[in-house]
Amino acid sequence: MKVLFIEPLKPPRLIDTPHTLDAFNTLVEGAIACTYPWDDLIGLVHNDNAIAEGARPNRVVEGQIVYGPFFLTGLGEEDFTDIPEGLVDKYSKLFAAPEVFIPAGDHIAVIKVCAMPEVSS
Numbered sequence: 000m001k002v003l004f005i006e007p008l009k010p011p012r013l014i015d016t017p018h019t020l021d022a023f024n025t026l027v028e029g030a031i032a033c034t035y036p037w038d039d040l041i042g043l044v045h046n047d048n049a050i051a052e053g054a055r056p057n058r059v060v061e062g063q064i065v066y067g068p069f070f071l072t073g074l075g076e077e078d079f080t081d082i083p084e085g086l087v088d089k090y091s092k093l094f095a096a097p098e099v100f101i102p103a104g105d106h107i108a109v110i111k112v113c114a115m116p117e118v119s120s
């Protein structure tokens, strides 16, 4: 099954994973949970206990921090499916810049990490 895999401080990668609960648990490093933050027919699969397990913050999604690695998958009538090809580019761009999280008092500052532009000489 093709999913868009997103790890802390790394750009998204389209990967093939077996369509099994064990494989999904391995990817997110724990018990899976799925949220549906967008209107597109995709799910965001993450570790349900990531914060308690001390996972690193990964990305901000719709105002909420997702901790640990997660992946985006397509949604069938009753199960996960391949992420639709037409959405791979959209969500790869959305998550292209890794984010760094810095505690700032009662808040957390989020900084997107961008590549330095090449300087021609």
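Each residue of the sequence shown is one higher than the last, beginning at 0 in numbering that gives the first Met the number 0.
Note that the Cβ used here is the ideal one computed from N, Cα and C, for glycine as well.
Bear in mind that the values here come from a model prediction, so they are computed numbers and not experimental data.
Per DSSP, the bridge partner or partners of residue i
i: Val99; result: Ile110
i: Pro56; result: Tyr66
i: Gly42; result: Thr72
i: Leu3; result: Leu13 and Leu71
Under 8 angstroms between C-beta atoms of residue i and residue j
i: Leu3; j: Ile82; result: yes
i: Val99; j: Val87; result: no
i: Phe94; j: Ile14; result: no
i: His45; j: Phe79; result: no
i: Ala96; j: Gly67; result: no
i: Val118; j: Val59; result: no
Residue i: first and last residue of the uninterrupted alpha helix (DSSP H) it sits in
i: Lys92; result: Glu84 to Leu93
i: Glu22; result: Here residue 22 turns out to be Ala, not Glu, going by the sequence shown. From DSSP, the alpha helix (DSSP H) with Ala22 extends over Leu20 to Val27.
Status (buried if at least 16 other CB within 10 Å, exposed otherwise) for residue i
i: Pro17; result: exposed
i: Ala51; result: exposed
i: Arg12; result: exposed
i: Gly73; result: buried
i: Tyr35; result: exposed
i: Leu71; result: buried
Unbroken beta strand (DSSP E) run spanning residue i, endpoints
i: Asp15; result: Arg12 to Asp15
i: Ala32; result: Ile31 to Thr34
Say whether the segment 103 to 112 touches the segment 34 to 45, bearing in mind that this needs 3 or more beta-carbon pairs closer than 8 angstroms, one atom from each stretch. no
When you compare the segment 26 to 35 with the segment 45 to 64, are there three or more beta-carbon pairs, one atom per stretch, that lie closer than 8 angstroms? yes
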